[in-house]
Structure formats: C-alpha cells, structure tokens
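Here's the structure, in structure tokens; my notes come after.
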Amino acid sequence: MDETDDRSRFEAVYRRTYEQILGYAMRRCSSPEDAADVVAETYVIAWRRMDELPHGEAGRLWLYGVARRVLANHRRGERRRTTRHAELTAEAELLYPPPSPQSGPDEVGQAMDTLSGDDRELLALAVWEELDPGQIAEVLGCSRNAARIRLHRARKRFARALAKIRPSVRLEARPLIERESR
C-alpha cells in the first residue's frame with residue numbers, strides 16, 4: 108500500500124472507531140485528559156503499525172487491545188510518579204524540616220529581613236548555592252573583585268543585624284575562600 112491508501116484507510120478507521128475507543132478510555136481513566144492521552148497514543152500506534160491493523164470489525168478489536176496496553180502503561184507510569192513523589196516529599200521533609208513553633212524566634216531570618224534585597228541575594232548565592240565570588244560575579248554580571256567586596260560588606264551588615272537581634276552571638280565577616288589566586 109502506498110501512503111495515500113494508508114492515510115485514507117487510517118482516516119476511515121479513526122472516524123469509525125474514535126468514539127468507541129474514547130469511551131473505553133473514559134470509563135477507565137481518572138480524568139478526561141488522561142483518557143485523551145490514552146486515545147491519542149492508541150491512534151499513534153495504529154498509524155505506525157498500519158500494516159498490522161486488521162480490516163473491518165477485527166480492526167476495532169485490535170484497537171481495543173492497543174488501548175488496553177496503552178492504558179496499562181499509563182497506569183504503571185502513574186504509580187511510578189506517585190511513588191516517586193512520595194519518596195521525594197519524604198526526603199525533602201527529612202532534609203528540610205519545617206520550622207517548629209517551639210524552636211523560638213528565627214534570628215537568622217529576622218536578620219536577613221533587615222538586609223537589602225541585594226545583600227540577601229549575595230548571601231544566598233554564597234551560602235545556599237555555594238557559589239564562589241567568581242561564580243557570583245558571573246551571575247550578577249559584575250567583576251570578580253566587585254562581587255568579593257559586595258559579599259564582604261553584605262556579611263558585615265548581616266553580622267551587625269544578627270548582633271542586634273541576639274547580642275550574645277558575635278559573628279565576624281570572613282572571606283569565603285581563605286586565599287584566592289588573582
């Protein structure tokens with residue numbers, strides 16, 4: 108068969124069976140969107156395997172079989188996603204537990220709130236993202252030296268802000284890297 112014949116035959120099969128295959132998927136899926144995905148994938152497979160698609164009533168039954176396998180794959184994928192989501196959620200809760208109301212005031216957060224947005228971003232890039240001054244300079248679009256100076260000043264302002272909130276703690280601003288090559 109040439110491509111024109113395949114296309115005409117596929118269009119005829121599609122028009123004749125679409126509502127039935129959609130109904131099959133709708134009755135088995137948890138959402139109309141999932142059913143539409145199953146139906147779309149079923150017909151993609153049918154198009155790719157046109158030479159295996161039987162004629163007449165057998166073709167409709169063949170499509171039901173394809174839809175059944177696509178639906179099984181879809182369900183396996185949903186189970187994998189659900190399992191992985193639960194694993195990631197549990198891991199995130201272990202690594203980043205939510206703050207406890209009994210833990211007292213968040214002095215670091217309070218000190219950070221007193222800083223400018225630029226200072227907060229500099230400190231976050233250095234501490235949370237673990238970037239060195241050269242990498243920070245690239246992110247901010249400034250020279251390495253400017254990033255080092257800004258970071259040093261931001262650390263000093265943070266130490267002063269934290270000392271005001273919690274006077275018993277004495278923090279000193281220090282370089283992120285003790286000795287850098289120039």
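Residue numbers for the sequence shown follow our numbering, beginning at 108 and rising by one.
Every residue, glycine too, gets a C-beta built ideally from N, C-alpha and C.
Values in this document were obtained by computation on a predicted structure and should not be read as measured data.
Asked: Please state the DSSP three-state secondary structure of LEU238.; Found: coil
Asked: Return the Cβ separation of LEU230 and ALA261 in integer angstroms, given the expectation that the two are a contact with Cβ distance under 8 Å.; Found: 5 Å
Asked: Taking only beta-carbon positions, decide if TYR121 is within less than 8 Å of chain C.; Found: The question asks about chain C, but that chain is absent: this structure has only one protein chain.
Asked: What residues in its chain sit with their C-beta under 7 Å from that of ARG167, if we drop five residues either side in the sequence?; Found: THR124, GLN127
Asked: Taking 7 Å as the cut-off, is the C-beta of ALA179 nearer than that to any heavy atom in the ligand NAP?; Found: Although the ligand NAP was asked about, the structure shown includes no ligands whatsoever.
Asked: Here's a check: name, in chain order, each residue in its chain whose Cβ is nearer than 6 Å to the Cβ of PRO161, leaving out the five neighbours to either side.; Found: TRP169
Asked: Answer with buried or exposed for CYS136, where buried requires no fewer than 16 other C-beta atoms within 10 angstroms of its C-beta.; Found: buried
Asked: Have a look at TRP235, ARG227, LEU129 and flag the residue whose alpha-carbon is nearest the alpha-carbon of TYR203.; Found: TRP235
Asked: Going by beta carbon distance, what residues of the same chain come within less than 6 Å of LEU238, once the five residues before and after it are set aside?; Found: LEU232
Asked: Could you spell out where the alpha helix (DSSP H) holding LEU103 opens and where it closes?; Found: In this structure the chain extends from 108 to 289, so residue 103 is not present and cannot be described.
Asked: Out of ALA142, ALA165, ARG188, state which residue places its alpha-carbon closest to the alpha-carbon of GLY130.; Found: ALA142
Asked: Taking the continuous alpha helix (DSSP H) assigned at MET219, which residues delimit it?; Found: 214–221
Asked: Using 8 Å for Cβ pairs, my map puts ASP226 next to ARG251. What's the rounded Cβ distance?; Found: No, ASP226 and ARG251 are not in contact; Cβ-Cβ is about 18 Å, not under 8 Å.
Asked: Give the DSSP-derived three-state secondary structure of ARG273 in the structure shown.; Found: coil
Asked: Exposed or buried, LEU178, counting other C-beta atoms within 10 Å across all chains shown (16 or more means buried)?; Found: buried
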